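K.L.:
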Amino acid sequence: MGTGVTGAICIAAGASAALDMLPLWGAGLLIVVAFPFFVVLLGLWWNASEGEGDIPFIGY
Amino acid sequence: MIDFLLFAVFTGLLLHGIHRKAIARIQGRPGPPIWQEILHSLKFSFKETWIPATASEVLFVAVVLVALGIWSAALFILLLEGSILMLFGIYMLHKIVEHGLGLSSGSPYGKFGAIRSVISAASEIPLFATIGAIYFVTGSLQLSDIIAYQAANGPLLLLMPPVAAAMYIVILSKMHYSPFAIIEAKEIVSGNRTEHFGVWRAALDVAFSLKTFVLLYAFVLIFIGGIPFAAVLVLMLLLLLSLSFVCALCPMLSPYDTVTMQSLATALVAVYLVAVVVIA
Chain A
3 MGTGVTGAIC IAAGASAALD MLPLWGAGLL IVVAFPFFVV LLGLWWNASE
53 GEGDIPFIGY
Chain B
426 MIDFLLFAVF TGLLLHGIHR KAIARIQGRP GPPIWQEILH SLKFSFKETW
476 IPATASEVLF VAVVLVALGI WSAALFILLL EGSILMLFGI YMLHKIVEHG
526 LGLSSGSPYG KFGAIRSVIS AASEIPLFAT IGAIYFVTGS LQLSDIIAYQ
576 AANGPLLLLM PPVAAAMYIV ILSKMHYSPF AIIEAKEIVS GNRTEHFGVW
626 RAALDVAFSL KTFVLLYAFV LIFIGGIPFA AVLVLMLLLL LSLSFVCALC
676 PMLSPYDTVT MQSLATALVA VYLVAVVVIA
């Protein structure tokens, strides 16, 4: 759900800027906000699974 | 715009792969294929992912998002020929990302990386000197003005080579396997990125590929000027290969030696500027 929404925002912002419906800085701002969430949510959507949080090595 | 962002991500990852390949060949090893970093990022994104039990959950995830956001913003600043002072600001925010990555995980290796990133803040001093010198010569920090200045007076690389050398050291300090890369030295595993694995590492790879693309692109625009984009890409590749040579042939410096080297670079720029003022 989140992946699709953030991906759609990125594409819509890029297309709007190309069609002069949105100033370049405005499209850039939308993409700067949406793109990080898109990358992380895309990975969390297709990754192998979610395991239990482990305790890293914290010294002897 | 999103198409250029995706292009920059894949080109940045490819540049990382070329960097590793070049270092390996210089050191007499076959090295990985140049598309290895693209495959790496994909591989990490498919892996099992969680947040370590010792981590500060919000900060652990937030720094990854911030890393992606700031370097996307930096790319658009270059694309729109905005102010290089904003690029400098983003470089400062990247320092917060480096601290946050290491301190959020609860791992001692990450914390060592974070502490070393404080020391490596010395890399900002040559950048500050570079920006000051550029303003002194061109009278503007707007990238469009700097490009126009070079169109009229020739590339800044030829007009002020010590300043270009200082910026080169700034970029070198942010490359993987650099003599200045003390925050991710092997003796502290992967330094501040040690506990960021799986999807988090894939996202960081994307962010750092953007960082490499932006820094190389910025160097070409600031010191060569407005040239066809294909020529920009060729120059970025040549710049990267020169950085690979340095990384392959120089051992990693101790943390305090990195500060000394970067302070010397700043002093060189300061002496150069004084000399320019005296001569002028």
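So the sequences go chain by chain: A and B.
Residues in the first sequence are numbered from 3 upward in steps of one, following our numbering.
Residues in the second sequence are numbered from 426 upward in steps of one, following our numbering.
No residue lacks a Cβ here, since even glycine has one placed at the ideal position from N, Cα and C.
The model shown is predicted, which means the values in this text are computed figures rather than measured ones.
(1) At least one CB of chain A closer than 9 Å to the CB of residue 446/B: is that the case?
(2) Compute the Euclidean distance between the alpha carbons of residue 21/A and residue 462/B, then round it to the nearest angstrom.
(3) Counting only Cβ-Cβ distances shorter than 8 Å, please list the residues of the stretch 31-48 of chain A near chain B, keeping chain order.
(4) Does DSSP classify residue 452/B as helix, strand or coil?
(5) State the start and end residues of the unbroken alpha helix (DSSP H) segment that holds residue 3/A.
(6) Is there at least one Cβ from chain B nearer than 9 Å to residue 21/A's Cβ?
(7) To the nearest angstrom, how far is the alpha carbon of residue 516/B from that of residue 11/A?
(8) What residues from chain A crowd round residue 427/B, counting only those whose CB sits closer than 8 Å?
(9) For a quick check, are the C-beta atoms of residue 593/B and residue 674/B less than 9 Å apart?
(10) For the stretch 477-490 of chain B against the stretch 526-540 of chain B, do three or more pairs of beta-carbon atoms, one drawn from each stretch, fall closer than 8 Å, so that the two count as touching?
(11) Starting from residue 700/B, find everything on chain A with Cβ-Cβ shorter than 7 Å and list it in chain order.
(12) List, in chain order, every chain A residue whose beta-carbon is nearer than 7 Å to that of residue 623/B.
(13) Tell me, please, whether the stretch 500-517 of chain B touches the stretch 551-568 of chain B by the rule of three or more beta-carbon pairs shorter than 8 Å.
(14) In whole angstroms, what separates the C-alpha of residue 553/B from that of residue 3/A?
(15) Less than 9 Å between the beta carbons of residue 690/B and residue 606/B, yes or no?
(16) Do residue 624/B and residue 9/A count as a contact pair if the criterion is CB distance below 9 Å?
(17) Quick check on residue 688/B: buried or exposed, where buried means 16 or more other Cβ atoms within 10 Å of its Cβ?
(18) Just mark residue 616/B as buried or exposed, buried being the case when its beta carbon has 16 or more other beta carbons within 10 Å.
(19) Between residue 643/B and the rest of its own chain, which residues show a CB-CB distance below 7 Å, the 5 nearest in sequence each way excluded?
(20) Answer yes if the stretch 655-665 of chain B comes into contact with the stretch 622-636 of chain B, meaning at least three C-beta pairs across the two stretches below 8 Å, and no otherwise.
(21) Check this for me: beta carbons of residue 34/A and residue 501/B, under 9 Å apart or not?
(22) How many angstroms separate the CA atom of residue 645/B from the CA atom of residue 622/B?
(23) As a quick exercise: from 487/B, 495/B, 471/B, pick the residue whose alpha carbon is nearest that of residue 31/A.
(24) Give the residues of chain A in contact with residue 598/B, contact being defined as C-beta atoms less than 9 Å apart.
(25) Where do the N-terminal and C-terminal ends of the alpha helix (DSSP H) with residue 489/B fall, by residue?
(26) Since residue 561/B and residue 431/B should fall inside the 8 Å C-beta cutoff, what is the C-beta to C-beta distance between them, to a whole number of angstroms?
(27) Compare the C-beta of residue 728/B against all C-beta atoms of chain A and say whether one is closer than 9 Å.
(28) At 4 residues or longer, and completely inside the stretch 514-574 of chain B: list those alpha helix (DSSP H) runs for me, N to C.
(29) Could you name each continuous alpha helix (DSSP H) segment of 4 residues or more that falls completely within the stretch 643-701 of chain B, going from the start of the chain to the end?
(30) Nearest chain A C-beta to residue 696/B closer than 9 Å, yes or no?
(31) Does DSSP classify residue 479/B as helix, strand or coil?
(32) Interface residues of chain A around residue 508/B at Cβ under 9 Å?
(33) Determine, for residue 658/B, whether the minimum Cβ-Cβ distance to residues of chain A falls below 9 Å.
(34) I'd like to check one pair, residue 539/B with residue 519/B: are the Cβ atoms closer than 9 Å?
(35) Anything in chain A within Cβ reach of residue 628/B, meaning under 8 Å, just list it in chain order.
(36) By a C-beta neighbour count over all protein chains shown, 10 Å radius and 16 as the cutoff for buried, is residue 25/A buried or exposed?
P.N.:
Considering the structure as presented:
(1) no
(2) 34 Å
(3) 33, 34, 35, 37, 38, 39, 41, 42, 44, 45, 46, 48
(4) coil
(5) It is not in any alpha helix (DSSP H) - residue 3/A carries neither H nor E in the DSSP assignment.
(6) no
(7) 26 Å
(8) 12, 13, 15, 16, 33, 37
(9) no
(10) yes
(11) Here the premise fails: no neighbours, minimum Cβ distance about 39 Å.
(12) 49
(13) yes
(14) 43 Å
(15) no
(16) no
(17) exposed
(18) buried
(19) 503, 512
(20) no
(21) yes
(22) 33 Å
(23) 495/B
(24) Within chain A, no residue comes near residue 598/B; the closest Cβ sits about 24 Å away, beyond 9 Å.
(25) 482-504
(26) The pair is not a contact, with the Cβ atoms about 37 Å apart (cut-off 8 Å).
(27) For residue 728/B there is no data in the structure shown, the boundaries of chain B being 426 and 705.
(28) 533-544, 549-563
(29) 654-674
(30) no
(31) coil
(32) None at all; the shortest Cβ gap to chain A is about 12 Å.
(33) no
(34) no
(35) 38, 41, 42, 45
(36) exposed
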